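Protein chains in written order, with this note's numbering: chain H, 1 to 332; chain R, 1 to 332.
The beta-carbon is built from N, C-alpha and C at its ideal position, and this holds for glycine as well.
Because the structure is a prediction, the values reported are computed rather than measured.
Have a look at the structure below, then the notes.
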């Protein structure tokens, strides 16, 4: 039944694309881990060199149920991702995880030794984990992350989890590129952290209260429910009633219920046809982000000399950054 | 002397631009608060309508010492911003604050009643506070924030503080557009929060340890100093030795020292000529962000029909988002 859900989210997909001539892509489609990792590295590198390959890869994506998982630092979402993965695996489905949260044990958190805690799922051949670097050259994170998610999808992973910290415009944009967005809230975080969370509450398809073994967790769930009731959070564009699920990843409590709710949301999207609108919105965002990437690449690399001359003129206050950008765009 | 510092950071500036014909800009240059606020609203709105005005405004900016203030949720940077502002005001200088931290009492934090705590500086005519919305339409935050900072600069504020939470690519890019970047670390935050912080430590010109009244603050300062010594943080491109300043905003301890250190860094930039390289880097980032804004605007608004047709083709898997973006760019 869970399996059926995943498939049902893809009924609007067109017919299967033809077999590929590209040896790397053929291996990715067979799910070979080394090739999957190699293609991800190609996706992460800037440059237009691999775009034909990526375009072909994209035609093989679109079957996975993509789940966005977000929450402020300390909300316990990484522990949640692990518990969720284990539970989904028990149903026989495979799981890909893309983490762009620097605090995640999947990525930067590893410096603190957290990766050890992940050992129980990292040895599983039905799980593929990829962490994205969040620093470095300006931009490109959103496009690269979603390409990596597509590669997992094309490689046959049934559920793809995109984990990101719920702060930062790019990070929030990326998590919204999921079919099902989960926002994790923990009881007992400070005022500052709670306020940050406020910005991300409205994007949730499912609210999760973590650490439900704590005595103050009940109040956190009550607060979320009354905010939902008052309509102060929630988009109102969907007929989906946003649920609040209480979990304790420590005791594995509520994780069953969470997986069930994710599957129900997936079915809701296809049954109501809302999946179509969501797919359009996701594609719009991806096209815009890709356009930004292409422009940035053109300016910083191919058009470097022109850029330097415009910086000279800006320094001399003969032109402002906005008009300098307009000149570059119209020349390129 | 502090006053001299601010002026000295602007010796590479060209001659004073001619007086403006635009009545709004004339009032902004006179420092009239209502006009300053109005021009900020124009800067925040998308669209190219006000670009000529903004371009003229930019020519009057470049005198202020721009200070970036960042740190994770719970680091105490908002309290720090307030203490810093009061101390700088005591030296007779005026202060503008742009906050894009949703947890800041200057912006989103207001929902928690934190704005009350700000009362002591918000009544001061020598202080101008502007909070930026961090949600809404895709992107544009970086450009708008830096335009608002320029308006404060043009309006004559001596020091402009850009406060942002130290998570998220856009947010980190923005804070790096300052002359002096301060990263606030607090003792006693959880592992997850500390790991997030790691990503932003390397951009600091000055490290601040807040809450120095706490017994574990000494260890936080020692850790930062040893990381600096080992070269595991710090860019190495500057001859500036990144200091660690311990403060307690609660007891106003260390704030004198922090203001002095900010001024010393300002002098260092001009004395060594490093200000030039930094200005180029900032302009490069601003031009790139502006180009992204223009492209996004063109695609989402002017080119809406074309975008919808490409989304149709993407849904039918006839094209991938990247190539769709390339088509849009080459057509526009």
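Cα-Cα separation, residue i to residue j
i, j, result
"residue 316 of chain R", "residue 51 of chain H", "18 Å"
"residue 294 of chain R", "residue 326 of chain H", "7 Å"
"residue 86 of chain H", "residue 122 of chain H", "11 Å"
"residue 128 of chain H", "residue 96 of chain H", "5 Å"
"residue 115 of chain H", "residue 31 of chain R", "In this prediction, residue 115 of chain H has a pLDDT of 42, which is less than 50 and means its spatial position is unreliable; what the coordinates show is noted afterwards. Each residue's alpha carbon lies about 54 Å from the other."
"residue 328 of chain R", "residue 299 of chain R", "7 Å"
"residue 274 of chain R", "residue 243 of chain R", "17 Å"
"residue 183 of chain H", "residue 330 of chain R", "38 Å"
"residue 151 of chain R", "residue 58 of chain R", "8 Å"
"residue 322 of chain H", "residue 314 of chain H", "10 Å"
"residue 278 of chain H", "residue 246 of chain H", "26 Å"
"residue 61 of chain R", "residue 163 of chain H", "40 Å"
"residue 276 of chain H", "residue 142 of chain R", "31 Å"
"residue 284 of chain H", "residue 43 of chain H", "19 Å"
"residue 312 of chain H", "residue 305 of chain R", "38 Å"
"residue 239 of chain H", "residue 27 of chain H", "41 Å"
"residue 154 of chain H", "residue 221 of chain H", "37 Å"
"residue 147 of chain H", "residue 292 of chain R", "20 Å"
Proximity test, Cβ basis, 8 Å: residue i and chain H
i, result
"residue 42 of chain R", "no"
"residue 314 of chain R", "yes"
"residue 106 of chain R", "For residue 106 of chain R, the predicted structure reports a pLDDT of 47, less than 50, and the residue's modelled location is therefore unreliable. The matter cannot be settled from this model."
"residue 24 of chain R", "no"
"residue 258 of chain R", "no"
"residue 9 of chain R", "In this prediction, residue 9 of chain R has a pLDDT of 43, which is less than 50 and means its spatial position is unreliable; what the coordinates show is noted afterwards. No, residue 9 of chain R does not count as interfacial toward chain H."
"residue 291 of chain R", "yes"
"residue 317 of chain R", "yes"
"residue 214 of chain R", "no"
"residue 243 of chain R", "no"
"residue 117 of chain R", "Low local confidence applies: a pLDDT of 48 at residue 117 of chain R is under 50, so the model's placement there is unreliable, and no value is given."
"residue 331 of chain R", "no"
"residue 169 of chain R", "yes"
"residue 62 of chain R", "yes"
Where residue i falls: helix, strand or coil (DSSP)
i, result
"residue 72 of chain R", "coil"
"residue 93 of chain H", "coil"
"residue 66 of chain H", "strand"
"residue 245 of chain R", "strand"
"residue 155 of chain R", "coil"
"residue 27 of chain R", "helix"
"residue 308 of chain H", "helix"
"residue 253 of chain R", "strand"
"residue 19 of chain R", "coil"
"residue 316 of chain R", "coil"
"residue 333 of chain H", "Past the boundaries of the shown model lies residue 333 of chain H; chain H is included only from 1 to 332, so the question cannot be answered."
"residue 83 of chain R", "helix"
"residue 61 of chain H", "coil"
Short CB-CB distance (under 8 Å) between residue i and chain R
i, result
"residue 54 of chain H", "yes"
"residue 322 of chain H", "yes"
"residue 326 of chain H", "yes"
"residue 207 of chain H", "no"
"residue 225 of chain H", "no"
"residue 73 of chain H", "yes"
"residue 311 of chain H", "yes"
"residue 59 of chain H", "yes"
"residue 187 of chain H", "no"
"residue 89 of chain H", "no"
"residue 130 of chain H", "no"
"residue 303 of chain H", "no"
Cβ separation of residue i and residue j, assumed to be a contact under 8 Å, to the nearest whole Å
i, j, result
"residue 159 of chain H", "residue 206 of chain H", "So it is not a contact: roughly 14 Å between Cβ atoms."
"residue 211 of chain R", "residue 71 of chain R", "Not quite, the Cβ-Cβ distance comes to about 11 Å (not below 8 Å), so this is no contact."
"residue 266 of chain H", "residue 179 of chain H", "6 Å"
"residue 172 of chain R", "residue 200 of chain R", "6 Å"
"residue 213 of chain H", "residue 250 of chain H", "6 Å"
Residue i, enclosing beta strand (DSSP E) - first and last residue
i, result
"residue 164 of chain R", "159-165"
"residue 183 of chain R", "180-185"
"residue 175 of chain H", "Careful: residue 175 of chain H lies outside any beta strand (DSSP E), inside the alpha helix (DSSP H) at 169-175."
"residue 206 of chain H", "206-209"
"residue 129 of chain H", "127-131"
Span of the alpha helix (DSSP H), counted from its first residue to its last, around residue i
i, result
"residue 289 of chain R", "274-297"
"residue 221 of chain H", "217-230"
"residue 323 of chain R", "321-331"
"residue 33 of chain H", "33-44"
"residue 58 of chain R", "51-58"
Members of the stretch 264-298 of chain H near chain C, C-beta cut-off 7 Å: Here the protein chains are H and R, and chain C is not one of them.
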